[in-house]
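K.L.:
Take the sequence shown: its position 56, counted from the start at 1, is 57 in the working numbering, and no numbers get skipped.
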Amino acid sequence: MRRLTGRKAVPQVFIGDDHIGGYEDFLVLDAKGEIDARFGRKRKPAPAKVEIQDLLIIGAGPAGMTAAVYAARKGLSTVIISDQLGGQPALTATIENYMGYQFITGPELMARFEAQTRRYPGVALAAGEEAIRLELDGRMKKAITESGKIFTGRAAIIASGKRSRTLNVPGEHDYIGRGVSYCATCDAPLYAGESVLVAGGGNSALEAALELAALCPRVHLVSLSEPTGDEILLGKVMAETRILKHLLWRLSEIKGDGKEVTAAGITSADGARREEVPVKAVFVEIGLHPNSAFAVDLVRLNRAGEIEVDSDCCTGVPGIFAAGDVTQVRDKQIIVAAGEGAKAALSAQEYLLSQR
Ligand SMILES: Cc1cc2nc3c(=O)[nH]c(=O)nc-3n(C[C@H](O)[C@H](O)[C@H](O)COP(=O)(O)OP(=O)(O)OC[C@H]3O[C@@H](n4cnc5c(N)ncnc54)[C@H](O)[C@@H]3O)c2cc1C
């Protein structure tokens, strides 16, 4: 076998005198629909062209883009599949804790990440593609997207981060983008001079309330519990007279005139009292949810829906790695996500070497 193939791994597949390669190479041939032709059989209707990459990366945030750069520098052909570019920092106003920059806006930092990623011709960027399923096909990994495309790779890194949680109160879904927002940093300027409401009591809600108070005369902060954010933020919120605190109250309804939000119903935690506050916008800031649903049948998730990985970003499924906010790694920060992305790419490279 060594003499015929020059390889030192089993199995090695031959069709007639043709050396196909290892099992993985056979799968590639199968994925390309070329097996019949190799056996001299009539070809089935031409299958869609399948390109096999070394590495699929799902998500183009700090973790995904860093992983892509590390993978490219190891010579791995890589495709990043992402419904958006830049991840959460693309929606963050100021970043003061990413090393190398004392101050940088989120969009500017992520534009730099993207430019660095695009410098490598081995990295293809499939932007606007949302993965709806990640599955195994033999040793191949297949990502199926909402648009119906199938991306095939020898290894995959899940770097799909987190997205805002919804409250699912009446009216919320009807008015998304018409007064209901999940990103104060993005949408606050649209409601300058208006009365608005922020639902939530953690850091994101406190930050949102302060950001809005700089633009709006009245900001209703509605939190079902005592606020749990950082002391410094909490102090600022408590001192800000434009923020009206409704603590131990919950947002129970969002009302509108069919076109835009006009008011919000709030209910006391014990349900005894209900009020209606006239507002033009409701900012739902109740935390984030991991984007792991497309891999739920494949990898192990914790109770919060985060993918469980070991210290090398391995999920336990051979060839599938995960990095950043979508994992159980404690600290959800850009620098941590980028570092985990680098680790995941190096682990993927080691896995691919072991498969040769
Ligand atoms: C308001 C706010 C302020 C923050 N401020 C800071 C800060 O100052 N400093 C700091 O260090 N951190 C900050 N963070 C945290 C930081 O943004 C995250 O820790 C970091 O972005 C995580 O990176 P990630 O790559 O893991 O995920 P994300 O940034 O969430 O990126 C995930 C990517 O995956 C894509 N994706 C998701 N699902 C799919 C799918 N099914 N198919 C295809 N693509 C998909 C998304 O579109 C996105 O491109 C902040 C977060 C928020 C919300």
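For each residue, glycine too, the CB sits at the ideal point set by N, CA and C.
Would you say the beta carbon of Phe114 comes nearer than 7 Å to a heavy atom of ligand 1?
P.N.:
As a first step, residue 114 must be located in the sequence shown, where it is residue number 113. Every heavy atom of ligand 1 is 7 Å or more from the Cβ of Phe114, so no.
K.L.:
Taking the alpha-carbon positions, what's the Ser83 to Arg164 distance?
P.N.:
Stepping through the sequence shown from its first residue, residue 83 is reached at position 82. Stepping through the sequence shown from its first residue, residue 164 is reached at position 163. Rounded to whole angstroms, Ser83 to Arg164 spans 13 Å at the Cα level.
K.L.:
Run the proximity test for Ala64: is its beta-carbon closer than 7 Å to any non-hydrogen atom belonging to ligand 1?
P.N.:
For the purposes of this step, residue 64 is taken as residue 63 along the sequence shown, with counting starting at 1. Correct: Ala64 has its Cβ closer than 7 Å to ligand 1.
K.L.:
Skipping 5 residues on each side, what residues in its chain have a beta carbon closer than 6 Å to that of Gly154?
P.N.:
The residue you call residue 154 lines up with position 153 of the sequence shown. These residues qualify, in order along the chain: Gln54, Leu56, Leu57, Lys142.
K.L.:
Skipping 5 residues on each side, what residues in its chain have a beta carbon closer than 6 Å to that of Phe114?
P.N.:
The residue you call residue 114 lines up with position 113 of the sequence shown. So the list reads Met66, once near-sequence residues are dropped.
K.L.:
Could I get the ranges of all uninterrupted beta strand (DSSP E) runs contained in the stretch 246–324, with 3 residues as the minimum, in chain order?
P.N.:
250–257, 262–269, 275–279, 282–285, 289–291, 321–323, all fully within the stretch 246–324.
K.L.:
Whole angstroms is fine: what's the gap from Ser161's alpha carbon to Ile335's?
P.N.:
Taking the sequence shown and counting its residues from 1, one reaches residue 161 at position 160. Taking the sequence shown and counting its residues from 1, one reaches residue 335 at position 334. C-alpha separation (whole angstroms): 13 Å.
K.L.:
Out of curiosity, what's the CA-to-CA distance linking Ala200 and Ile133?
P.N.:
Start at 1 with the first residue of the sequence shown, and residue 200 comes out as number 199. Start at 1 with the first residue of the sequence shown, and residue 133 comes out as number 132. Straight-line Cα distance between these residues: approximately 29 Å.
K.L.:
Would Val197 and Val318 qualify as a contact pair, given that the criterion is a beta-carbon distance under 8 Å?
P.N.:
By one-based count along the sequence shown, residue 197 stands at place 196. By one-based count along the sequence shown, residue 318 stands at place 317. Not in contact: Val197 and Val318 (Cβ atoms no closer than 8 Å).
K.L.:
Are there three or more Cβ pairs, one per stretch, closer than 8 Å when the stretch 10–24 is compared with the stretch 112–128?
P.N.:
Output reads no: the stretch 112–128 does not touch the stretch 10–24.
K.L.:
Measuring only the C-alpha atoms, how far is Ser221 from Val283?
P.N.:
If you number the sequence shown from 1, residue 221 lands on position 220. If you number the sequence shown from 1, residue 283 lands on position 282. Position check: residue 221 holds His in this sequence, whereas Ser was assumed. Distance between the alpha carbons of His221 and Val283 is about 9 Å.
K.L.:
Assign Pro292 to buried or exposed, taking buried as 16 or more other Cβ atoms, counted over all protein chains shown, within 10 Å of its Cβ.
P.N.:
Counted from its first residue, the sequence shown places residue 292 at position 291. It should be noted that the sequence gives Asn, not Pro, for residue 292. So Asn292 ends up on the buried side.
K.L.:
For Leu216, which option in Ala61, Ala189, Ala349, Val285 has the closest C-alpha, if you only look at C-alpha atoms?
P.N.:
Your numbering for residue 216 matches position 215 in the sequence shown. When each option's Cα is compared against that of Leu216, the closest is Ala189.
K.L.:
Can you list the alpha helix (DSSP H) stretches of 4 or more residues lying completely in the stretch 88–156, in chain order?
P.N.:
As far as the stretch 88–156 is concerned, its whole alpha helix (DSSP H) runs of at least 4 residues are 107–119.
K.L.:
Check each candidate in Gly60, Asn169, His247 and name the one with the smallest Cα separation from Val278.
P.N.:
Taking the sequence shown and counting its residues from 1, one reaches residue 278 at position 277. Looking at the Cα atoms, His247 is the closest of the given residues.
K.L.:
Does the Cβ-Cβ distance between Ile159 and Ile59 come in under 8 Å?
P.N.:
Locating residue 159 in the sequence shown gives position 158, counting from the first residue. Locating residue 59 in the sequence shown gives position 58, counting from the first residue. Contact flag set, yes.
K.L.:
How big is the Cα-Cα spacing for Leu211 and Leu77?
P.N.:
On the sequence shown, position 210 is the one that residue 211 refers to. On the sequence shown, position 76 is the one that residue 77 refers to. About 45 Å.
K.L.:
Would you call Val170 buried or exposed, if buried means 16 or more other Cβ atoms sit within 10 Å of its Cβ?
P.N.:
Residue numbering aside, residue 170 sits at position 169 when the sequence shown is read from its first letter. Flag for Val170 reads buried.
K.L.:
Please report the distance separating the alpha-carbon of Glu341 from that of Ala324.
P.N.:
By 1-based counting over the sequence shown, the position of residue 341 is 340. By 1-based counting over the sequence shown, the position of residue 324 is 323. If I take the Cα positions, the gap works out to 5 Å.
K.L.:
For ligand 1, I want to know if Val70 counts as a neighbour, meaning its beta carbon is within less than 7 Å of at least one of the ligand's heavy atoms.
P.N.:
For the purposes of this step, residue 70 is identified with residue 69 of the sequence shown, where counting begins at 1. Because no heavy atom of ligand 1 lies under 7 Å away, the Cβ of Val70 does not count as near it: no.
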